[in-house]
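What follows is one structure encoded as structure tokens, with my remarks underneath.
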Amino acid sequence: MNRGDVETDRRRRFGVLCDSLRPDLLRFAFWLGRDRALAEDVVQEAMLRAWKSYDALSDESKAKSWLLTIVRREFARSFERKRLELADLDVLVAAEAPVLAAEDDEELAAMRAALFRLGDEYREPLVLQVLMGYSTNEIATMMGLQQGAVLTRLFRARAKLRQELGLVPGPAP
Amino acid sequence: MKLDCLDFRRQVGAEPFIEGPEYEAHRSECPACARFQDELRAMDGLIARALAVEPARLAEPAPARRPMSAAPGRRRLFAIAASIVVGLSVGLVLLVSAPRASLAREVIDHVAHEPGAMAGTAPVAAGVLSGVLDPEGVRLRPGVGEVSFAARCVHDGHVVPHLVVRVPEGMVTVLLLRHREVDEPTQVSDQGFEGVVLPAPRGSIAVVGQGIANLDGVAQKVFEAVDWGV
Chain Y
0 MNRGDVETDR RRRFGVLCDS LRPDLLRFAF WLGRDRALAE DVVQEAMLRA WKSYDALSDE
60 SKAKSWLLTI VRREFARSFE RKRLELADLD VLVAAEAPVL AAEDDEELAA MRAALFRLGD
120 EYREPLVLQV LMGYSTNEIA TMMGLQQGAV LTRLFRARAK LRQELGLVPG PAP
Chain Z
0 MKLDCLDFRR QVGAEPFIEG PEYEAHRSEC PACARFQDEL RAMDGLIARA LAVEPARLAE
60 PAPARRPMSA APGRRRLFAI AASIVVGLSV GLVLLVSAPR ASLAREVIDH VAHEPGAMAG
120 TAPVAAGVLS GVLDPEGVRL RPGVGEVSFA ARCVHDGHVV PHLVVRVPEG MVTVLLLRHR
180 EVDEPTQVSD QGFEGVVLPA PRGSIAVVGQ GIANLDGVAQ KVFEAVDWGV
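Protein chains in written order, with numbering that gives the first Met the number 0: chain Y, 0 to 172; chain Z, 0 to 229.
The following block contains the structure:
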């Protein structure tokens, strides 16, 4: 394979990654920042960075976690650069109402609103576990935490959601 | 290790689909904790549906509340790069569509690495089953067989429903692979298992068994028992 073919193949493979993983990256970024415009920007910047360091990805089966990590870092950078203000939760919920809406499914809409109100430290590991399918050990690596801390956050996340949704806890043992 | 109620609830509160003999033992001894876990599994189904916002909705114009103001030049550069990449990838999707036999082998690998899934004897609770299937927007019609295992597993980097169904011919494992499309039915035999992958309205469905007579027919029955919601 000549140099031109190698470059074409590289672009082709990166294109496949972008096409297949972009929806998940957008969802992840949206639930991190709770803001569509921010999610779109973060994912675009992250893909640009990913393209520049694509050669560092030695195992394409790990592309998803690699890209999620880049999105995560880009999201953190966006806060550093712009010193984003903490928005009022009600304002956030109202602004993203079109995304949170679930026609004819009040339960679903209530859960989305509850997830929006969940603290960042609880929402992120929950998204990585439930939506992305990562184990607690993998989440710990991605978030730079001990596995025990991830377990605690996940436990608390679900407890807070149950509380927020008014779900009656099971009978005490 | 024997679990008490506190340990059990702490653990399943963080990982509702965790499995193991100690968890099964505690579930059989403590109906309240078993119900607690079932409720959490059902809630996880709702969480998964809630989080899986349609990308089209995310792409709708959003209020520019907190613009990140990436430099327009970079944005344009990325757009150009992306269009080149996407253009190149059109043909590539056809080229790199995973080989069907390879998919069937991956499915068998998945089943072979989760022997515990076949160990269940009791039917799973309806709430657990719906917690596993609801996020996919599908339902299993009654009558196909008793479901003795239902979980959302990671396969090929995606979370997929994994069921074990007791059909008259024996036990079969069913994976709903919304993310993988196939053009035609494929069969494979590997590691003592036989598998069939069928095209489905959303992706594909894999049915795997051991020593099942007429696995094709069984797979077709399972396929027809799934209400794909389309």
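For each residue, glycine too, the CB sits at the ideal point set by N, CA and C.
Residue i at chain Y interface by Cβ criterion, 8 Å
i	result
E18(Z)	no
V181(Z)	no
R9(Z)	yes
P122(Z)	no
G126(Z)	no
P200(Z)	no
A118(Z)	no
E21(Z)	no
L39(Z)	yes
A51(Z)	yes
D43(Z)	yes
G136(Z)	no
A150(Z)	no
Cβ-based burial, residue i [other Cβ within 10 Å; buried from 16]
i	result
M0(Z)	exposed
F7(Z)	buried
D4(Y)	exposed
D37(Z)	buried
R2(Y)	exposed
L132(Z)	buried
D23(Y)	buried
D43(Z)	buried
R177(Z)	buried
Q10(Z)	buried
M46(Y)	buried
L160(Y)	buried
S77(Y)	buried
A121(Z)	exposed
P317(Z)	Absent from the structure is residue 317(Z), since the part of chain Z shown begins at 0 and ends at 229.
P134(Z)	buried
K61(Y)	exposed
A49(Y)	buried
As assigned by DSSP and simplified to three states, the class of residue i
i	result
L277(Z)	No answer is possible for residue 277(Z): the residues shown for chain Z start at 0 and end at 229.
D189(Z)	strand
R151(Z)	strand
S60(Y)	helix
S173(Y)	With chain Y running from 0 to 172 in the structure shown, residue 173(Y) is simply not present.
G169(Z)	strand
A205(Z)	strand
R140(Z)	coil
D226(Z)	strand
P124(Y)	helix
H112(Z)	coil
P71(Z)	Bear in mind that a pLDDT of 42 at P71(Z), under 50, signals an unreliable position, so the model cannot answer this.
L197(Z)	strand
E145(Z)	strand
L132(Z)	helix
H25(Z)	helix
L315(Z)	Past the boundaries of the shown model lies residue 315(Z); chain Z is included only from 0 to 229, so the question cannot be answered.
Residue-level contact to chain Z via CB, residue i, 8 Å cutoff
i	result
V5(Y)	no
E123(Y)	no
W30(Y)	yes
M110(Y)	yes
G132(Y)	yes
R116(Y)	no
A38(Y)	yes
T68(Y)	no
E106(Y)	yes
A75(Y)	no
L160(Y)	yes
G169(Y)	Bear in mind that the predicted position of G169(Y) carries a pLDDT of just 43, short of 50, making it too unreliable to give a figure here.
T140(Y)	no
R26(Y)	yes
R71(Y)	no
Test item: CB-CB of residue i and residue j under 8 Å
i	j	result
A13(Z)	T7(Y)	no
L127(Y)	M110(Y)	no
V137(Z)	G228(Z)	yes
F168(Z)	I204(Z)	Checking the sequence, you will find Glu at residue 168(Z) rather than Phe. No; because the gap between Cβ atoms is not below 8 Å, this pair is not in contact.
R26(Y)	V52(Z)	yes
I138(Y)	V149(Y)	yes
M100(Y)	E163(Y)	The sequence given here places Ala at residue 100(Y); Met does not occur at that position. No.
A218(Z)	V195(Z)	yes
I46(Z)	L125(Y)	yes
I107(Z)	F192(Z)	yes
F16(Z)	R48(Z)	no
Checklist entry - How do the segment 105–119 of chain Z and the segment 153–167 of chain Z stand: do at least 3 beta-carbon pairs fall below 8 Å, yes or no? => result yes
Checklist entry - Is the segment 23–31 of chain Z in contact with the segment 145–158 of chain Y, if contact means three or more CB pairs nearer than 8 Å? => result The segment 23–31 of chain Z vs the segment 145–158 of chain Y: no contact.
Checklist entry - Three or more beta-carbon pairs under 8 Å between the segment 115–123 of chain Y and the segment 35–49 of chain Y, yes or no? => result no
Checklist entry - When the Cβ atoms of the segment 41–56 of chain Z are set against those of the segment 137–150 of chain Z, are three or more pairs found closer than 8 Å? => result no
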